[in-house]
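*Asks:* Going down the list, the protein sequences come from chains G and L.
Each residue of the first sequence is one higher than the last, beginning at 7 in my numbering.
Each residue of the second sequence is one higher than the last, beginning at 7 in my numbering.
Where is the CB? At the ideal position from N, CA and C, for every residue including glycine.
There are 2 protein chains.
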Amino acid sequence: MDASELDDLVAWWETANYLTVAQIYLQENPLLREPLAPAHIKPRLLGHWGTSPGLNLVYAQLNRLIRRTDAAVLNITGPGHGGPAIVANTYMEGTWSEVYPEVGRDLDGLRRLVRQFSTPGGIPSHVSVPVPGSIHEGGELGYALVHAFGAAFDNPDLIVACTVGDGEAETGPLEGSWKGVRFLDPRRDGAVLPILHLNENKISGPTVLGRVPDEEVHALLRAHGWAPAEVAGDDPREVHALFASALDAAYDEIRAIQQVARAGAHAGGRSGSGLPRWPAIVLRTPKGWSGPKVVDGKPVEGTFRAHQVPLPNVRENPEHLAQLEAWMRGYRPQARFDEHGRLIPELAALSPRGDRRLGSTPYANGGRLLRDLDLPDYGRYAVDVPGPAATRAESTRRLGELLRDLYARTETTRDFRLFCPDETNSNRLGAVFEVSERELEEARPEDEKIGPGGRVMEVLSEHLCQGWLEGYLLTGRHGMFATYEAFAMVSASMAIQHTKWLEGARRLAWRAPVSSLNVLLTSTCWRNDHNGFSHQGPGLIDTMISMSGDVVRVYLPPDANCLLSVADHCLRSRDYVNLIVIDKQPQLQYLGLDAARAHCAAGAGTWGWAGTEGGAADGAREPDVVLACIGDVPSLETVAAAWLLRRHVPELRVRVVNVVDLLALTPPPLHPHSMSDERFVELFGTEVDVVTAFHGYARALHQVLHGRPNAARFHVHGFNEQGTTTTPFDMVVLNEMSRYHLVLDALRRARRVPAGAAALERLCATQLTRHRAYVREHLEDMPEIRDWVWSD
Amino acid sequence: MDASELDDLVAWWETANYLTVAQIYLQENPLLREPLAPAHIKPRLLGHWGTSPGLNLVYAQLNRLIRRTDAAVLNITGPGHGGPAIVANTYMEGTWSEVYPEVGRDLDGLRRLVRQFSTPGGIPSHVSVPVPGSIHEGGELGYALVHAFGAAFDNPDLIVACTVGDGEAETGPLEGSWKGVRFLDPRRDGAVLPILHLNENKISGPTVLGRVPDEEVHALLRAHGWAPAEVAGDDPREVHALFASALDAAYDEIRAIQQVARAGAHAGGRSGSGLPRWPAIVLRTPKGWSGPKVVDGKPVEGTFRAHQVPLPNVRENPEHLAQLEAWMRGYRPQARFDEHGRLIPELAALSPRGDRRLGSTPYANGGRLLRDLDLPDYGRYAVDVPGPAATRAESTRRLGELLRDLYARTETTRDFRLFCPDETNSNRLGAVFEVSERELEEARPEDEKIGPGGRVMEVLSEHLCQGWLEGYLLTGRHGMFATYEAFAMVSASMAIQHTKWLEGARRLAWRAPVSSLNVLLTSTCWRNDHNGFSHQGPGLIDTMISMSGDVVRVYLPPDANCLLSVADHCLRSRDYVNLIVIDKQPQLQYLGLDAARAHCAAGAGTWGWAGTEGGAADGAREPDVVLACIGDVPSLETVAAAWLLRRHVPELRVRVVNVVDLLALTPPPLHPHSMSDERFVELFGTEVDVVTAFHGYARALHQVLHGRPNAARFHVHGFNEQGTTTTPFDMVVLNEMSRYHLVLDALRRARRVPAGAAALERLCATQLTRHRAYVREHLEDMPEIRDWVWSD
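1) For P640 (chain G), which residues in chain L fall below 9 Å Cβ to Cβ?
2) For chain G, is any of its Cβ atoms less than 8 Å away from the one on P451 (chain L)?
3) Quick one, are the C-beta atoms of G617 (chain G) and A647 (chain G) less than 8 Å apart?
4) In the structure shown, what three-state DSSP assignment does Q728 (chain L) receive?
5) Starting from the beta carbon of R758 (chain L), find every residue of chain G whose beta carbon is closer than 9 Å, and list them in chain order.
6) Of all Cβ atoms in chain L, is any one closer than 8 Å to the Cβ of A779 (chain G)?
7) Given a cut-off of 8 Å, decide if L147 (chain L) and L466 (chain G) are closer than it, judged by their beta-carbon atoms.
8) Measuring only the C-alpha atoms, how far is L435 (chain L) from T402 (chain L)?
9) Here's a check: name, in chain order, each residue in its chain whose Cβ is nearer than 7 Å to the Cβ of P318 (chain L), leaving out the five neighbours to either side.
10) Could you please give the first and the last residue of the uninterrupted beta strand (DSSP E) stretch that includes H484 (chain L)?
11) What whole-angstrom Cβ distance do A22 (chain L) and I82 (chain L) have, given they're in contact under 8 Å?
12) Taking a cut of 7 Å between CB atoms, which residues from the segment 724 to 752 of chain L lie near chain G?
13) Are there 16 or more other CB atoms within 10 angstroms of the CB of I636 (chain G), so buried, or fewer, so exposed?
14) Name the residue from G:R243, G:A388, G:E684, G:L376 whose alpha carbon lies nearest to the alpha carbon of R420 (chain G).
15) Please go through the same chain and pick out, in chain order, the residues whose beta-carbon is closer than 7 Å to the beta-carbon of P162 (chain G), but skip the five residues on each side of it.
16) Can you find the residues in the same chain that come closer than 8 Å, C-beta to C-beta, to L750 (chain L), ignoring five residues on each side of it along the sequence?
17) Is there a Cβ of chain L sitting closer than 8 Å to that of L226 (chain G), yes or no?
18) Classify A175 (chain L): buried if its beta carbon has 16 or more other beta carbons within 10 angstroms, exposed otherwise.
19) For the beta strand (DSSP E) that N23 (chain L) lies in, which residues bound it at each end?
20) Our contact map puts L330 (chain G) next to V320 (chain G) with C-beta atoms below 8 Å; I'd like the distance itself, whole angstroms only.
21) Between G275 (chain L) and G60 (chain G), what straight-line distance do the alpha-carbon atoms span, to the nearest angstrom?
22) Can you tell me whether I350 (chain G) is buried or exposed? The criterion is at least 16 other CB atoms within 10 Å of its CB, across all chains shown.
23) Could you give the distance in angstroms between the alpha-carbon of V759 (chain L) and the alpha-carbon of R652 (chain L)?
24) Threshold first: 4 residues or longer. Then list the alpha helix (DSSP H) segments lying entirely within the segment 164 to 239 of chain L, N to C.
25) How is the beta strand (DSSP E) around F686 (chain L) delimited, first residue to last?
26) Excluding the five sequence neighbours on either side, which residues of its own chain have a C-beta within less than 8 Å of the C-beta of L3 (chain L), listed in chain order?
27) In the DSSP output, what is T528 (chain L) paired with across the bridge?
28) How should G278 (chain G) be labelled, buried or exposed, when 16 other C-beta atoms within 10 angstroms of its C-beta is the threshold for buried?
29) Please tell me whether L546 (chain L) and V152 (chain L) are closer than 8 Å, where the distance is taken between their beta carbons.
30) Would T177 (chain L) pass as a contact of V137 (chain L) if the rule is Cβ separation under 8 Å?
31) Between G:D667, G:V663, G:A704, G:H712, which has its C-alpha nearest G691 (chain G)'s C-alpha?
32) Which same chain residues end up closer than 6 Å to N584 (chain L) when comparing Cβ atoms and leaving out the 5 residues on each side of it in sequence?
33) Would you decide whether K48 (chain L) is buried or exposed? Buried here means 16 or more other CB atoms lie within 10 Å of its CB.
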C-alpha cells in the first residue's frame with residue numbers, strides 16, 4: 007500500500023471521528039466555522055465515544071476493500087452504542103442523505119445531522135433501525151455474530167464483516183456464536199469475518215478479554231476454528247497500515263478457501279480435520295482513541311472513562327470547552343468539507359459506489375432481495391378427516407412433509423431454512439431429511455442426514471437457532487424456528503428485540519418488508535407429562551401478546567389441517583412475528599381441508615357439530631352456555647366436555663367455539679385481526695357465560711379479552727403452573743382444565759339447570775375421584791400408562 | 007492406585023450402571039432374581055442411558071476422592087437427563103432412602119426405586135429438585151457451570167465438581183460460563199472442577215465438540231484459563247485408572263493453588279499474568295458406554311442411538327428382551343446385593359460417610375447452612391420527606407448505602423453479594439464500592455474499585471449474573487441481582503426455572519428454605535427515553551405474574567423509603583423470587599419513613615393528601631373517581647393529575663390509591679398476598695371507575711385484576727409498546743399515561759360532571775397539543791431537554 011492510500015484511510019477516519027464527536031456535542035456550528043461557544047453545545051450530552059474510533063477505522067478499511075475488490079460486504083456493528091460512528095460514515099458516503107433527504111450534504115444538513123443524534127425526536131445513540139446498512143440493533147448485546155452467520159448462509163458472494171466489542175464478547179450468546187463457523191459451507195455460503203475489537207474497557211472497568219494475555223485471546227479464536235490475525239497499536243497510520251494488510255490477507259484467504267471448496271475440494275489448514283480455518287482479526291486499540299488523553303488530571307484515552315462522553319462539562323467548564331475545541335480541530339474539519347459544507351471530492355471518492363456502499367447494500371435491506379417463496383399447495387398434505395374427532399394424527403408430521411417439498415422447491419434458490427435445537431425428528435418434522443441434510447462441516451461417513459451443504463440447521467442452542475434465522479430473514483430469505491415450548495423462553499428476549507426492530511422498520515418506507523419470523527412451539531406444556539415441571543411452560547405467549555399488534559400474531563391451530571393453513575399463511579406473510587403453537591403427539595383431527603381453510607381465515611368459529619345447535623347457531627337466541635377452546639389439548643377436552651353434556655343433559659343448549667387466531671379476541675382497534683364486536687357477540691353472545699379452555703397461562707387470556715362485551719363472563723381454564731411427571735390426562739386434571747372440570751363449570755354457569763345435571767355432576771366428581779385414586783395408587787398398581795381420550 | 011482400589015471403582019460403577027438400566031426398564035424383578043419377562047418391563051420406556059455411564063464414573067470417582075481427602079465436594083450434573091444415574095448413586099450411598107424412607111435399602115425399596123423413575127406420580131427423568139445432593143435441574147440446559155461458580159464463591163473449603171455434557175456445551179450460557187474462573191479468588195472462594203464429558207453425540211447427531219479435534223477442545227479450555235487433562239477410552243478399568251490419576255492430580259493442584267494464594271501470593275502457571283491456571287478434566291467415553299453395541303443390525307454404543315432407550319421394543323421383541331437381560335446380567339447384580347436386596351457391605355463402604363456424601367452435603371441443601379443476614383436498620387438510610395411530592399432524590403442511591411453497610415457487616419461471614427451487568431455505578435448503587443471492590447483476578451494498579459477478593463460481581467452477562475446468584479443462594483447465602491429492566495428478559499428463562507425449582511423445593515420438607523432470589527429492575531422503560539425503543543420493555547413483570555403465587559412477588563415502590571422497606575423485607579425472606587421495580591433517576595419523594603413502612607406492609611393504601619378526601623376515606627361513600635397508581639412514574643403522573651383535578655374541579659371527589667405489592671390485587675385465594683375483597687372495596691369501591699396508571703404493559707394488569715368486584719371499571723394506562731429516543735415526559739404522552747391523559751380519562755369516567763370540567767379538558771388538550779408541537783418542532787428549536795414535572 008502506498009503512502010497516499012494510507013493518507014486516504016487516515017483522512018476518512020479522522021473525518022468520521024470528527025463527525026462522531028460533533029454528533030455527541032454540537033447543536034450548532036457543526037464545522038467549527040466560529041470559535042466554539044457554550045451555546046453550540048447540546049444541553050444534554052449523550053453518546054458513546056469510546057468504541058467509535060475503532061468502528062470508524064473498520065468502516066474506512068472496508069470501503070477500501072470494496073473499492074479494491076468490488077466485493078459485496080455487509081457490515082454488522084456489535085458494539086452497542088457506536089451509533090454516531092456508523093451514522094457519520096453513512097453520511098460521508100451519501101446514503102444517509104439519500105434515505106433522509108432533509109439531512110443533506112451541505113452545511114444545513116450537517117447541522118441537522120448533529121442535532122438529530124440522541125436527542126428527542128431524533129435517532130438513538132446506538133446502531134438501530136433508522137441506520138441504513140444495518141440489520142442489527144446495538145441495544146441488547148450478544149447477537150452480532152449470530153446475525154452475521156444468518157446473513158452469510160446461502161449468500162455465497164457475500165462477506166459479512168462483524169465487529170464484536172469486548173463488552174459484548176462477555177455475553178453467553180456471543181460466546182456461543184463463534185462456533186457458527188462449524189456450520190458454514192464454503193461452497194454455498196458466504197463468509198463471516200469477525201473483527202474482535204478489544205479496547206479493554208467497558209462502562210466502568212476492564213473487560214475480561216481486555217485483561218487476558220494476547221496469546222489466550224488468539225488461542226480462544228483458534229480453538230473455535232478461526233485463524234486470527236492481530237492488529238494493535240495507537241499510532242493511526244501504523245494501525246491503518248497493519249489493518250489494511252490484515253484485511254487484504256483475510257480477503258485473499260476467504261476467496262482462496264471458497265475457490266478451493268467450490269472447485270470440489272475443501273482447503274487444508276485445519277489441524278486434524280482438513281477443514282478450512284477462516285480468518286478473523288483481533289483489533290486492539292485504545293478506548294476513545296485520539297480523544298482527550300487526560301481530563302481533570304485523570305487519564306481518559308485508553309481507560310473506561312472514555313466510554314461515553316469524555317469531557318462531561320463542556321457547557322459550564324471553559325477548560326473542557328477549550329479541550330473539546332482543540333480535540334475537534336485536530337481532525338481538521340476545514341480541510342475535509344468545502345465552503346458549502348460538502349465533503350471534499352477527494353474524500354467522497356474513497357467511498358464505494360452505489361449499492362456497494364455499506365449503507366446501501368441490499369443485503370442490509372433484505373426486502374429488496376426477497377422473492378416470494380414457491381410454496382406447494384398445502385392441501386396436498388391434508389389429513390383425511392372422515393368426520394370430526396374420529397381419527398388421530400401427528401399434526402406436525404404433515405407440516406414436515408410440506409417443509410420437505412419446500413426444501414425441494416428451494417433447492418436452487420436456497421432461500422429457505424428450518425432451524426431447530428436438535429429436535430427436528432423429535433418434533434416430527436423429519437421428512438425434511440428426505441431432501442436436505444443437517445449442516446455440519448465436520449461430518450463423517452457413518453453420520454445420518456448430516457453433512458456440509460445441508461440446509462437444516464440443528465444446534466443445541468435456542469440463541470443460535472433464532473439468531474441465525476433473524477439474520478437469514480433480514481437479508482431477504484425465509485425460514486422457520488421450531489422449538490420446545492418451554493425452552494422458547496431462552497430466546498424470548500431476542501423475539502422481543504426482533505419485534506421491536508420490525509415495528510421500527512415498518513415506519514420507514516425505505517425499508518422493504520422482509521419475511522416474517524415464524525416460531526413453531528411444539529412439545530407443549532400439556533404433553534410434556536413425561537418430562538415434568540421444568541419442561542412445562544407456555545410463557546412465550548404472555549411475552550408476545552404484550553408486544554405491538556402491528557407485528558405479533560399468535561395462532562393455536564387445533565389440528566393438522568388448521569396447522570397447514572396457518573403455516574401457509576405465515577410463510578407468505580411479511581414483517582410479522584408469528585407464533586404457532588401445536589403439539590407433536592398424535593391428536594384428534596377435527597376439520598377437513600376446506601373447513602380448516604375457512605376456519606383459519608375467519609380466525610375463530612362455531613363448531614356446530616360439537617354443540618347442540620348443529621350447523622348454524624341461532625343468532626337471535628343465546629345458548630345456555632358457550633364452551634370456548636383455544637389450542638389443541640383444550641379443544642380435545644372441550645369437545646369431550648360438550649359430548650358429555652349432549653349425552654347426559656341433552657336439553658342444555660351448548661355452543662362450542664374454537665379460536666385459532668388468539669389476537670382476534672382483542673377488542674378493536676387494538677389489533678389488526680381484532681374481530682368486530684358484532685362478530686364477537688355472534689360467537690359468544692352478550693350475557694351467556696363462556697367456559698373457556700386455553701392452551702396458555704389461564705389468566706393471560708383476560709388481558710386479551712378485557713374490553714369485550716361483559717368480559718367477566720369468560721371463565722378461563724388453562725395452564726396454571728401445576729405440573730409434574732405424570733400422564734397427559736393428569737396434566738389437564740391438575741390444572742383443572744379436564745373435560746370433567748369443564749362440564750362442572752358449564753353446569754354451574756349455565757343459564758338454567760337442565761334435567762340430569764345432578765347426575766352428570768356426580769359422574770364428573772366420580773371420575774375425578776377415580777382419577778385421583780388412580781394417580782395416588784399408581785406406584786402400587788402400575789396399570790398401563792395411557793392417554794385417556796374421549797371416554798367416560 | 008492398587009488393583010483392589012480399581013476393582014472397587016469398577017464395581018461401584020457397574021452397580022450404578024445396573025441400577026440406571028433397571029430404572030429405565032423395570033417395574034418388577036429389580037434384581038433379576040427371576041428370568042426377565044415382558045411383564046417386568048415398564049409399559050412406556052423413558053430415560054436417557056447415553057450420558058449415564060459417564061455420570062456414574064464421575065460419582066464413583068468423587069466418592070473415592072472424598073474418602074481419601076475428606077474434602078467437601080458438591081456435584082453438579084449438567085447432562086440434562088442423566089437422572090437415573092444420580093438417583094442410582096444416591097440410593098447406593100443411602101441418602102435416597104434417608105430422604106424417602108419408603109424407598110428402603112432392601113428388595114422392596116429397589117422395586118419402588120425402579121418404579122418411581124420417570125413414571126406418573128414418580129420422579130422426572132432428569133436430575134431435579136427431588137434428587138438429594140442437587141442444586142441444579144437438568145432440564146433447560148446451559149446453567150451447570152454458572153451454578154457451580156455461584157456455589158464456589160465464598161465457600162473456601164468447597165470443591166464443586168461440574169459435569170458438562172457436549173450437548174449443553176453448545177448453549178450460549180454455558181459457553182459464557184467458562185470465564186467464571188477469571189472471577190474466582192483462590193484465597194476466599196472454593197474451587198470449580200469442570201468435567202467436560204464428550205460422548206460426541208446428542209439426541210440425533212454429533213455434537214460440535216464431539217467432532218472437534220482433541221487439541222482444539224483442550225486449546226479452548228486453556229484459552230479460557232483452565233489446565234485441562236484428558237481422560238479417554240472405552241476400557242472401564244483403564245478409564246477408571248486414568249480418571250483417578252487425573253482427579254488426584256486436579257485435587258492436588260487445587261489445594262496447591264489455594265495454599266499458595268492463602269499464604270499470601272498467587273501461584274504461577276498462567277502465562278503472562280502469573281495467575282493460577284485451574285485444573286479441568288476432559289472425559290471422552292462412548293455414548294451409552296457398556297450398553298448394547300448393536301441393535302437390529304445398527305451400531306448403538308458410541309452413537310446417537312444410545313441417547314435415550316437403546317433397546318426400544320423389549321416388551322414386544324424377544325430378541326430385545328434377551329439382549330436387555332444379557333446386558334443387565336453383565337453387571338452381575340447378584341454379586342452386588344445380599345439376599346435382602348441390600349448393597350453388599352464392601353460396596354457400601356465405598357461411599358463417604360454422613361454429610362460428606364454427595365447426596366447429603368449441606369452445600370446442596372443450602373438452607374441448612376443459611377444464617378440470617380445481619381441487616382442494618384433500613385431507617386438509617388431514609389430520605390427526609392418534609393411533605394409529599396416536595397423533594398426529589400435518587401431512590402436507588404439510598405438502597406446502595408444500605409447495601410454498602412450490608413457488605414461491611416458481612417465482611418467476615420462473606421454471605422452476601424451483589425450481581426450486576428456492569429452497571430452498579432450507573433444504577434446508583436456505587437456506595438458498595440466504599441466497602442468492597444469488584445471481583446476480577448486480573449486487576450491492575452490503575453484500576454478503580456477492582457481486584458481479587460472483591461465481592462461485587464460485574465460481568466456483561468445477565469446469564470452469568472443471575473446464574474451465579476442462583477448458585478450462591480442455593481448453597482445458603484444471600485444476594486441481589488440488579489439489572490436494566492428491558493434486558494432482564496435476557497435471563498427471564500432462568501428466572502422461570504428458578505421459580506419452578508423453588509416451587510418444587512417448597513413441597514419437600516427435607517429441603518430447608520433458602521434466601522430469596524431478589525431481582526432489582528432499574529433503568530426502567532419510562533426513563534430510557536435517551537436510549538430508545540430497544541431499551542424500553544417491562545416484560546419481566548408479564549413473565550413472572552403467571553408463575554406460582556407461592557413463590558413470586560412483584561413490588562413497585564414509588565419512592566426511596568418504600569424501596570428501603572421493600573428491600574429489607576425481600577432480603578429477609580425465604581424461597582421467593584422477588585421482583586423490585588424502580589428507576590434510578592432523581593424522582594419525587596412521597597412518604598416519610600413511618601408512612602412508607604406502614605404503606606409497604608399494607609401493600610396498597612389511599613394517599614389522602616393527594617386526593618380530596620384528606621386523611622381518611624369515607625368508607626360509606628364512594629368518591630366520584632379513583633386514581634390508582636402502581637410504580638414510580640405512574641405515581642408521579644397520578645399525583646400530578648390529582649393535583650390538576652383538585653385545583654381546577656375542586657368539587658370532584660377524587661381518591662388516590664397507590665399499590666406497592668402488585669399481586670395484592672390478585673383476587674383471593676390466588677396469591678398469599680391477595681387482599682380481601684372487603685379491603686379491595688375499601689380502597690377501590692365497587693361501582694366507581696378506577697383510572698389506573700401502571701408501570702408495566704397496560705393490559706397485563708387486567709390478568710391480575712380479573713375476578714375482583716366489577717373489574718371492568720379499571721381503565722389502565724401503562725406501557726403500550728410506544729417508545730423512541732425522546733424526553734421522559736414524551737414517553738408518558740406516547741403511551742397515553744401522562745397527567746393530562748389521566749385527567750381526561752378521569753373526567754370522562756367520573757360519576758358526575760363537575761363545574762370547570764370543560765375548561766380543564768381544554769387545558770389538558772392544549773397542553774398535549776403544545777407538547778406534540780414541541781416534539782415535532784424540537785429539532786428546529788432545540789429548547790432545553792427537560793423533565794416536565796408537576797406543573798401546568
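*Replies:* Let me spell this out:
1) To locate residue 640 (chain G), count along the first sequence from 1; it is residue 634. At a C-beta separation below 9 Å, P640 (chain G) has no neighbours in chain L, since its nearest C-beta there lies roughly 16 Å away.
2) Position 445 of the second sequence, counting from 1, holds the residue named residue 451 (chain L). Cβ-Cβ to chain G under 8 Å: no for P451 (chain L).
3) On the first sequence, position 611 is the one that residue 617 (chain G) refers to. On the first sequence, position 641 is the one that residue 647 (chain G) refers to. No.
4) For the purposes of this step, residue 728 (chain L) is taken as residue 722 along the second sequence, with counting starting at 1. Coil, per DSSP.
5) Residue 758 (chain L) sits at position 752 when you count from the first residue of the second sequence. Within 9 Å Cβ-Cβ: nothing; R758 (chain L) doesn't reach chain G, min ~24 Å.
6) Position 773 of the first sequence holds residue 779 (chain G). No, A779 (chain G) lies away from the interface with chain L (no Cβ there is under 8 Å from its Cβ).
7) The residue you call residue 466 (chain G) lines up with position 460 of the first sequence. The residue you call residue 147 (chain L) lines up with position 141 of the second sequence. The answer is yes: Cβ separation under 8 Å.
8) Along the second sequence, read from residue 1 onward, the residue named residue 435 (chain L) stands at position 429. Along the second sequence, read from residue 1 onward, the residue named residue 402 (chain L) stands at position 396. Approximately 6 Å between the Cα atoms of the pair.
9) As a first step, residue 318 (chain L) must be located in the second sequence, where it is residue number 312. Around P318 (chain L), the same chain offers L51 as residues with beta carbons nearer than 7 Å, after the five sequence neighbours per side are excluded.
10) Counting from one through the second sequence, the residue named residue 484 (chain L) turns up at place 478. In this chain, the beta strand (DSSP E) harbouring H484 (chain L) covers 484 to 490.
11) The residue labelled residue 22 (chain L) in the question sits at position 16 within the second sequence. The residue labelled residue 82 (chain L) in the question sits at position 76 within the second sequence. That pair is no contact at about 18 Å.
12) Taken in chain order, the members of the segment 724 to 752 of chain L whose beta-carbon sits within less than 7 Å of a beta-carbon on chain G are E727, T731, T732, T733, D736.
13) The residue labelled residue 636 (chain G) in the question sits at position 630 within the first sequence. Buried is the label assigned to I636 (chain G), since at least 16 other Cβ atoms lie within 10 Å of its Cβ.
14) Stepping through the first sequence from its first residue, residue 420 (chain G) is reached at position 414. Taking R420 (chain G) as reference, the option from G:R243, G:A388, G:E684, G:L376 with the minimal CA-CA separation is G:L376.
15) Start at 1 with the first residue of the first sequence, and residue 162 (chain G) comes out as number 156. Correct list, in chain order: R194, D195, G196.
16) Reading the second sequence from its first residue, position 744 is the one you call residue 750 (chain L). Closer than 8 Å at Cβ, skipping near neighbours: E767, C770, A771.
17) Here residue 226 (chain G) refers to the residue found at position 220 when the first sequence is read from its first residue. Yes - at least one Cβ of chain L is within 8 Å of the one on L226 (chain G).
18) Reading the second sequence from its first residue, position 169 is the one you call residue 175 (chain L). A175 (chain L) should be labelled buried.
19) Along the second sequence, one-based indexing puts residue 23 (chain L) at 17. That residue, N23 (chain L), is in no beta strand (DSSP E); its alpha helix (DSSP H) goes 9 to 31.
20) Taking the first sequence and counting its residues from 1, the one referred to as residue 330 (chain G) is at position 324. Taking the first sequence and counting its residues from 1, the one referred to as residue 320 (chain G) is at position 314. Between V320 (chain G) and L330 (chain G) the Cβ distance is about 5 Å, and since that is below 8 Å, they are a contact.
21) Residue numbering aside, residue 275 (chain L) sits at position 269 when the second sequence is read from its first letter. Residue numbering aside, residue 60 (chain G) sits at position 54 when the first sequence is read from its first letter. Note that G275 (chain L) scores 42 on pLDDT, short of 50, meaning its location in the model is unreliable; the coordinates nonetheless yield the value given after this. Near 33 Å, if we compare the C-alpha coordinates of G60 (chain G) and G275 (chain L).
22) If you number the first sequence from 1, residue 350 (chain G) lands on position 344. It counts as exposed.
23) Along the second sequence, one-based indexing puts residue 759 (chain L) at 753. Along the second sequence, one-based indexing puts residue 652 (chain L) at 646. The straight-line gap from Cα to Cα measures roughly 14 Å.
24) List check, alpha helix (DSSP H) in window: 178 to 183, 220 to 229.
25) Taking the first residue of the second sequence as 1, we reach residue 686 (chain L) at position 680. Premise fails: F686 (chain L) lies in the alpha helix (DSSP H), 683 to 690, not in any beta strand (DSSP E).
26) Because chain L spans 7 through 798 in this model, residue 3 (chain L) falls outside it and cannot be assessed.
27) As a working note, residue 528 (chain L) is residue 522 in the second sequence. T528 (chain L) is bridged to L:Y490.
28) Taking the first sequence and counting its residues from 1, one reaches residue 278 (chain G) at position 272. Unreliable positioning characterises G278 (chain G) in this predicted model, as indicated by a pLDDT of 49, which lies under 50. The coordinate reading is nonetheless provided below. Taking all protein chains shown into account, G278 (chain G) has fewer than 16 neighbouring C-beta atoms within 10 Å of its C-beta and is therefore exposed.
29) Stepping through the second sequence from its first residue, residue 546 (chain L) is reached at position 540. Stepping through the second sequence from its first residue, residue 152 (chain L) is reached at position 146. Against a cut-off of 8 Å, the Cβ pair of V152 (chain L) and L546 (chain L) comes out as no contact.
30) Counting from 1 along the second sequence, the entry for residue 177 (chain L) is found at position 171. Counting from 1 along the second sequence, the entry for residue 137 (chain L) is found at position 131. Contact annotation: T177 (chain L) and V137 (chain L) have beta-carbon atoms that are not nearer than 8 Å.
31) Working through the first sequence from its first residue, we reach residue 691 (chain G) at position 685. That would be G:V663, whose Cα lies nearest to the Cα of G691 (chain G).
32) Residue numbering aside, residue 584 (chain L) sits at position 578 when the second sequence is read from its first letter. Counting only Cβ-Cβ distances below 6 Å, and skipping sequence neighbours, we find S522, N524, R559, C576.
33) The residue labelled residue 48 (chain L) in the question sits at position 42 within the second sequence. That one is buried.
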